[in-house]
Amino acid sequence: MIAMERIDQVIKETLRYHVINEVNSRIRIRITDDTRAKLIKASYGIYNHSTVELCHWTKSALVKGQSCYKFKFYGAPAGGSHRCAEFSPVGMICSNRCVYCWRPTESFDSFIPSEDLVDDPEEIVQGILRERYRLLTGYFGNPKSKDRAKEALVPTHWSISLSGEPTLYPKLPQLVRYLKGLPSTKSVFIVTNGEHPEMLERMQREDALPTQLYLSCNAPNKELFYRINVPVMYREDAWERWLRSLELLSRLNTRTVIRITLIRSLNYDFKYISEFAKLMLIGNPHFIEVKSYMHLGHSTFRLKRSDMLRHEEVREWAMKLLDEINRLGGNFRHMDEDEASRIVVIQNMSRYIDRWIVRPEEQRKYSNYV
Ligand code: SF4
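Using our numbering, read the sequence shown as starting at 210 and increasing by one per residue.
Quick look at the structure:
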């Protein structure tokens with residue numbers, strides 16, 4: 210009876226891309242068959258309401274042994290990017306419709322699922338690993354990738370980002386604890402849009418924070434926040450909710466990163482640097498990543514190719530931000546950069562933490578190829 214009341218409540222939210230019905234003798238949420246078929250055609254793996262994908266860098270690591278900037282900056286994924294499992298426990302549920310999002314935001318629903326309607330962490334992980342196996346199939350027969358493909362079946366790193374807003378999954382603390390408890394896990398990263406500070410507070414309280422938490426920060430002020438992130442769930446107070454997460458970041462008991470995605474026609478202007486710098490000092494993260502918007506996926510329908518920045522432009526902007534933060538009393542330094550990903554990372558020296566999650570000299574323990 211209680212379950213039915215909750216189902217009614219969720220249905221009232223007018224789900225368009227999810228259905229609620231019986232799966233393996235339990236009533237729960239899953240992505241509709243129609244949307245699922247489109248996503249599978251676009252190379253996603255789907256398990257009920259969760260999604261998984263092999264990202265560009267996972268494929269590159271499988272075939273060429275080239276890993277992404279996270280490996281270069283922090284030593285994660287241990288062993289290389291082929292050992293990264295990028296997935297989302299709520300692949301098509303998000304509170305925003307960000308203009309720069311690569312994902313099909315027009316097929317997102319916006320609601321907070323109740324605990325009794327979602328899959329448990331272990332079931333999600335088993336489900337997405339099966340889907341990941343399916344996505345890896347072609348790599349087992351390729352002599353260049355077959356050995357790395359076998360390694361890829363045992364992820365060392367879990368990237369809870371992909372699509373959808375992970376903090377809307379009501380069992381996220383249990384999921385993080387489950388992933389951290391797996392023998393092969395070296396790191397768990399979560400990227401959040403920051404509009405659900407309650408979940409971050411809960412994760413801190415329940416000692417269930419990821420190894421590294423990313424907060425997206427793409428707007429220096431409220432007006433641009435609404436234009437860039439297009440919040441649809443908290444139309445009235447999305448900025449204030451995000452500010453709460455920003456403030457919380459400075460107190461979280463884990464590695465923290467603020468990621469700024471620069472979009473030429475929206476937030477790149479040097480006039481915004483002072484406002485950005487003030488926000489950085491409130492969040493006081495361990496690292497700040499400044500990167501260019503990339504003209505890929507569904508974002509190509511909303512933004513122009515010219516909205517991407519060249520790496521030198523990203524570097525110039527990041528160095529100005531660094532100067533401004535330090536002028537206002539911070540103590541940050543340029544740590545590293547990666548031209549292929551058009552990204553610069555700066556490090557907080559007054560909240561210092563070793564950049565390496567797995568040190569370069571230890572990497573061989575996790576792969577035959579590093
Ligand atoms: S918050 Fe993330 S998943 Fe949601 S629309 Fe923005 S970029 Fe896409």
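For glycine and all other residues, C-beta sits at the position ideal for the given N, C-alpha and C. This structure is a prediction, so every number in the text was calculated from the model and none was measured.
Where the alpha helix (DSSP H) through residue i begins and ends
{"i": "residue 522", "result": "520-536"}
{"i": "residue 356", "result": "355-361"}
{"i": "residue 565", "result": "Where residue 565 is concerned, there is no enclosing alpha helix (DSSP H), given that its DSSP letter is neither H nor E."}
{"i": "residue 347", "result": "330-349"}
{"i": "residue 441", "result": "Careful: residue 441 lies outside any alpha helix (DSSP H) and carries neither H nor E."}
{"i": "residue 575", "result": "Where residue 575 is concerned, there is no enclosing alpha helix (DSSP H), given that its DSSP letter is neither H nor E."}
{"i": "residue 505", "result": "Element bounds for residue 505: n/a, residue is neither H nor E."}
{"i": "residue 269", "result": "265-273"}
{"i": "residue 398", "result": "Segment 396-401 is the beta strand (DSSP E) holding residue 398; no alpha helix (DSSP H) there."}
{"i": "residue 281", "result": "278-283"}
Residue of the options minimising C-alpha distance to residue i
{"i": "residue 232", "options": "266, 327, 265", "result": "327"}
{"i": "residue 545", "options": "280, 393, 336", "result": "280"}
{"i": "residue 240", "options": "251, 249, 523, 227", "result": "227"}
{"i": "residue 244", "options": "265, 277, 314", "result": "314"}
{"i": "residue 502", "options": "550, 354, 318", "result": "550"}
{"i": "residue 459", "options": "374, 352, 557", "result": "557"}
{"i": "residue 385", "options": "408, 437, 255", "result": "408"}
{"i": "residue 405", "options": "263, 443, 530", "result": "443"}
{"i": "residue 379", "options": "322, 540, 335", "result": "322"}
{"i": "residue 356", "options": "567, 271, 553", "result": "271"}
{"i": "residue 466", "options": "376, 542, 400, 247", "result": "400"}
{"i": "residue 479", "options": "428, 447, 464", "result": "428"}
{"i": "residue 301", "options": "287, 350, 224, 330", "result": "224"}
{"i": "residue 334", "options": "540, 387, 287, 561", "result": "387"}
{"i": "residue 377", "options": "332, 474, 303, 345", "result": "303"}
{"i": "residue 370", "options": "358, 352, 403, 350", "result": "403"}
{"i": "residue 372", "options": "312, 505, 274, 547", "result": "312"}
{"i": "residue 468", "options": "256, 500, 418", "result": "500"}
{"i": "residue 256", "options": "568, 273, 238, 267", "result": "238"}
{"i": "residue 563", "options": "229, 284, 274", "result": "284"}
{"i": "residue 416", "options": "569, 266, 463, 253", "result": "463"}
{"i": "residue 389", "options": "438, 510, 330", "result": "330"}
{"i": "residue 307", "options": "351, 433, 349, 483", "result": "433"}
{"i": "residue 368", "options": "319, 353, 287, 512", "result": "287"}
{"i": "residue 474", "options": "309, 440, 353, 567", "result": "309"}
{"i": "residue 317", "options": "565, 497, 374, 511", "result": "374"}
{"i": "residue 396", "options": "573, 567, 572", "result": "567"}
{"i": "residue 305", "options": "392, 383, 275, 451", "result": "451"}
{"i": "residue 512", "options": "455, 542, 454, 437", "result": "437"}
{"i": "residue 483", "options": "265, 504, 430, 353", "result": "430"}
{"i": "residue 346", "options": "320, 268, 508, 332", "result": "268"}
{"i": "residue 383", "options": "445, 523, 332", "result": "332"}
{"i": "residue 554", "options": "560, 472, 278", "result": "278"}
{"i": "residue 543", "options": "504, 565, 498", "result": "498"}
DSSP beta-bridge partners of residue i
{"i": "residue 495", "result": "In DSSP, residue 495 forms no bridge with anything."}
{"i": "residue 541", "result": "557"}
{"i": "residue 500", "result": "470, 552"}
{"i": "residue 256", "result": "259"}
{"i": "residue 367", "result": "294, 397"}
{"i": "residue 305", "result": "440"}
{"i": "residue 547", "result": "552"}
{"i": "residue 318", "result": "302"}
{"i": "residue 235", "result": "232"}
{"i": "residue 465", "result": "422"}
Delimiting residues of the beta strand (DSSP E) encompassing residue i
{"i": "residue 294", "result": "293-297"}
{"i": "residue 454", "result": "Run containing residue 454: none in the beta strand (DSSP E); it sits in the alpha helix (DSSP H), 447-458."}
{"i": "residue 383", "result": "Not the beta strand (DSSP E): residue 383 falls in the alpha helix (DSSP H), residues 381-390."}
{"i": "residue 407", "result": "Not the beta strand (DSSP E): residue 407 falls in the alpha helix (DSSP H), residues 406-414."}
{"i": "residue 423", "result": "421-425"}
{"i": "residue 249", "result": "No beta strand (DSSP E) holds residue 249; the alpha helix (DSSP H) holding it covers 242-250."}
{"i": "residue 230", "result": "227-232"}
Proximity test, Cβ basis, 8 Å: residue i and chain C
{"i": "residue 572", "result": "This model lacks chain C altogether; it includes just one protein chain."}
Check your understanding: So which residues touch the region around the ligand SF4, with touch meaning a C-beta under 6 Å from any heavy atom?
Key -> 303, 305, 306, 307, 310, 312, 314, 372, 373, 374, 402
Check your understanding: Is the segment 358-366 close to the segment 411-418, with three or more CB pairs under 8 Å?
Key -> no
Review point. Should the segment 536-544 be called in touch with the segment 339-347, which here means at least 3 C-beta pairs below 8 Å?
Key: no
Review point. Any contact of the segment 278-297 with the segment 252-261, i.e. 3+ C-beta pairs under 8 Å?
Key: yes
Review point. Would you call the segment 459-475 and the segment 493-502 touching, i.e. three or more CB-CB distances under 8 Å?
Key: The segment 459-475 is in contact with the segment 493-502.
Point to revise | Any 3 or more C-beta pairs closer than 8 Å across the segment 278-292 and the segment 422-434 | key: Three or more Cβ pairs closer than 8 Å define a contact, and the segment 278-292 falls short of that threshold against the segment 422-434.
Practice item. Check whether the segment 524-533 touches the segment 246-255, counting contact only when three or more Cβ pairs, one atom from each stretch, lie closer than 8 Å. Key: no
Exercise for review: Please confirm if the segment 568-578 is in contact with the segment 507-523, defined as three or more CB-CB distances below 8 Å between the two stretches.
Suggested key: no
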